[in-house]
């Protein structure tokens, strides 16, 4: 997961869709804090995030791969373009395709409510 996040958010010279294709199958779906999203919405959200963050550091606290099952716990330290920082702890459960790319990820993120608005787009959001 550390490599995935590093490439998705810090590898700015490569288009988001190209980086996603390295790590996610075409039918990839993700649920973050209860909201499901599919490839196009995820790519759009990642492209937007790249415009508002300067740097993202990931600290992988725990990781487990058992066959096609995946789980991890990680902390992201996000430095925004305006100089502010956010810290998010995430719990991730997913499944891998036979080629090693992610098919599904379900994630729960803990964010200090005092931080600026969430980075993930909700399906019911007008943003």
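Numbering (my numbering), first residue to last: 38 to 164.
Just so you know, even glycine gets a beta-carbon here, dropped at the ideal spot from N, CA and C.
Scanning the segment 74–137 from its first residue to its last, the whole alpha helix (DSSP H) runs of 4-plus residues come out as 76–89. The Cβ neighbour count for residue 102, taken over all protein chains shown within 10 Å, is under 16; the residue is labelled exposed.
By the CB criterion at 8 Å, residue 144 and residue 87 fall outside the cutoff.
Rounded to whole angstroms, residue 65 and residue 56 show a C-alpha spacing of 13 Å. In the three-state scheme derived from DSSP, where H, G and I count as helix and E and B as strand, residue 140 is classed as strand. Counting along the chain, no alpha helix (DSSP H) covers residue 49, and no H or E run does either. Distance between residue 45 and residue 76, taken at the CA atoms: about 13 Å. Residue pairing by DSSP places residue 147 opposite 126 in a beta bridge. The Cβ atoms of residue 99 and residue 146 lie no closer than 8 Å to each other.
Leaving aside the five residues that flank residue 93 on each side, the residues in its chain whose CB is nearer than 8 Å to its CB run, in chain order, 42, 43, 46, 47, 113, 114, 115, 116. Residue 38 is a Cβ neighbour of residue 97, given a cutoff of 8 Å. By the CB criterion at 8 Å, residue 134 and residue 140 fall inside the cutoff.
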